[in-house]
Structure formats: structure tokens, C-alpha cells
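*Asks:* Sharing a structure with you now.
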Amino acid sequence: MEGNVIFALGLTLFAGLATGVGALIAFFTTRTNKKFLSAALGFSAGVMIYVSLIEIFVKAKDSLTTALGDTQGYWMTVIGFFGGMLLIALIDRFIPKKSNPHEVKTVEDVNAVKLQNSVGIDEEKLMKMGVFTALAIGIHNFPEGIATFMSAIQDPNVGIAIAIAVAIHNIPEGIAVAVPIYFATGIRKKAFKLSFFSGLAEPVGAIVAYIILMPFLTEAMFGIIFAGVAGIMVFISLDELLPAAQKYDETHLSIYGLVAGMAVMAVSLLLLA
């Protein structure tokens, strides 16, 4: 069990630190490969949607029906699923639009901000925007850390898939933090550190889940948490990943990526069953 916990914590750390990768991309590339971004975000959504509805939701239902009976268990699974959606929707609702991590940023945004900064944009406002974005992403990543951790504890293969999907969509979030802070301060190191630290909310969420939830993890509680995880993952995919993928889509690459993500997840689950 201890080995599973360390592995699960490592996965959440891997997923969270992808925000730092986003910052590095913002600093050292001149343009975004929008085709790749579209396909990658679509792939990430495909992985999340498939594993949530085919694997996580079913395991949550199995646990809850075992603990509570068929009818009550199924009802609690559905309630947990939509409860997870409600949780992440409320988090998004109270995050200002300009700081919302769902506003995906590209490297081209760096040049736009740089141009605005050169014609007199308030550096204090830019700094505030970056800090609020980092805070918003931290809040947003917290439940994702719980979701990745709990999934990896129950099934390491599912945890790996979710961690990779979360890491892919954390890269644009790292750009969103680094862009305004870099052009407010001119210090790459400071922008990278804030971007990097915003991703640490993922392992923090995992640690909170381990300390608070694990000691009381009954069959019923596990089922409710897992149902909520499925809801969170589906909401993120539909509200964030797919719209962002289609925003930069030119030739249906987002849909091809979506199908590829589902197919890879399906084959992985079959091979590892």
C-alpha cells in the first residue's frame, strides 16, 4: 500500500509540474504549433472522457452497490458524479474570467502582451493578472490532484492515463501564468517560479486526500469519491479541453485526437485487464 501511495503522489507531482513546461515553452519558442496543440488537447479529452465513463464511473457504481444495494448504490453514484461536476463548476464560477485557467494561452499571446507592454500597459496590472492567474490555477488544480491520486491508488494504470491527460492540459496553464509576470517584471526566473508553484496544488491535493480521506476510506466513501472524480474529469474535458482544442483546430484534428485518446485508453485497459 505504501508503494502505491508514493507512486500516486509521484504521478500528481508529474502532472502538476507540467505548468513549468508551459513557462519554458513561452520563453524559448517563437510560435505555437497549433495543430499539435489542438490534437494533444483533443487526445487528453478523449482519455479523460473514456476512462471516466467506462472505467471510473463503473468502479464507483460497483463499490456503492456493494455497500448500499443496487438501487441506493446507483443513485449515490449518479449523485456523486454530478456532485463532482458541480464542485468544479463552482470553482470556475468564482474565478475571474481573466484569471480563469480555461482561458488557454499560446506563445503568440507572449508577443501580444509584449507589444501592449511596450506602449504603456500598467506593469502593476500585468503582475496582478499573473498572480491571480497562478492562484486561480492552483485552486483549479487542487481537485485534479485528488482525482489523480485516488485513481492511481485504486488502479495505477488508470492513474497514469489521467496524470498524462492532466499534464497535457497544464502546459497552456503554465503559459497563462508566465506571460503577464514575465512582461511585468522582465525576470524569467520569477515568472517560471510562480508558474511552477501554481502546479504544486496537484500534489498538495493528493496529500490532503491521503491525510484526510484515506484513514476513513470505506467501500461507500470510495465509491462516492470515485464517482465525483469521474464528474470532475468529464466536466474539465467538455468545458476546457474540447473548446480549447477546437479553438486552434483547422482540419478536425481535435476530433481525431479525441478518438485517438479514447482508442489508446480502451486498448490500454484491455491489455492491462
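Numbers given in our numbering equal positions in the sequence shown, counted from 1, plus 1.
We put the CB at the ideal spot given by N, CA and C, even for glycine.
Fair warning: this is a prediction, and the values are worked out from it, not measured in the lab.
Whose C-beta lies closer than 6 Å to the C-beta of Ile169 among residues of the same chain, with five residues either side of it excluded?
*Replies:* Correct list, in chain order: Ala41, Ser45.
*Asks:* If you pair each beta-carbon of the segment 56-65 with each one of the segment 166-184, do three or more pairs fall below 8 Å?
*Replies:* Contact fails: fewer than three Cβ-Cβ distances are below 8 Å.
*Asks:* Mind checking which residues open and close the alpha helix (DSSP H) that includes Glu1?
*Replies:* The structure shown has nothing for residue 1, since the chain only spans 2 to 274.
*Asks:* Assign Thr72 to one of three DSSP states: helix, strand, or coil.
*Replies:* Reduced to three states, the DSSP call for Thr72 is helix.
*Asks:* Can you find at least 3 beta carbon pairs, one from the segment 156-169 and one from the segment 13-21, that sit closer than 8 Å?
*Replies:* Contact between the segment 156-169 and the segment 13-21 is present, because at least three Cβ pairs lie under 8 Å.
*Asks:* Just tell me which of Val180, Ala162, Val205, Ile237 has its CA closest to the CA of Phe83.
*Replies:* When each option's Cα is compared against that of Phe83, the closest is Ile237.
*Asks:* How long is the line joining the alpha carbons of Leu254 and Gly70, rounded to whole angstroms?
*Replies:* Between Leu254 and Gly70, the C-alpha separation is close to 43 Å.
*Asks:* From Ala192 to Leu242, what distance separates their C-alpha atoms?
*Replies:* Cα-Cα distance, rounded: 24 Å.
*Asks:* When the distance is taken between beta carbons, is Ile140 closer than 9 Å to Ile92?
*Replies:* In this structure, Ile140 lies closer than 9 Å to Ile92 by Cβ.
*Asks:* Evaluate contact between the segment 62-69 and the segment 209-229, counting only Cβ atoms and requiring at least three cross-stretch pairs below 8 Å.
*Replies:* Result yes; three or more Cβ-Cβ pairs closer than 8 Å.
*Asks:* From His103 to Phe197, what distance separates their C-alpha atoms?
*Replies:* Bear in mind that the predicted position of His103 carries a pLDDT of just 49, short of 50, making it unreliable; the figure below should be weighed with that in mind. For His103 and Phe197, the distance between alpha carbons rounds to 18 Å.
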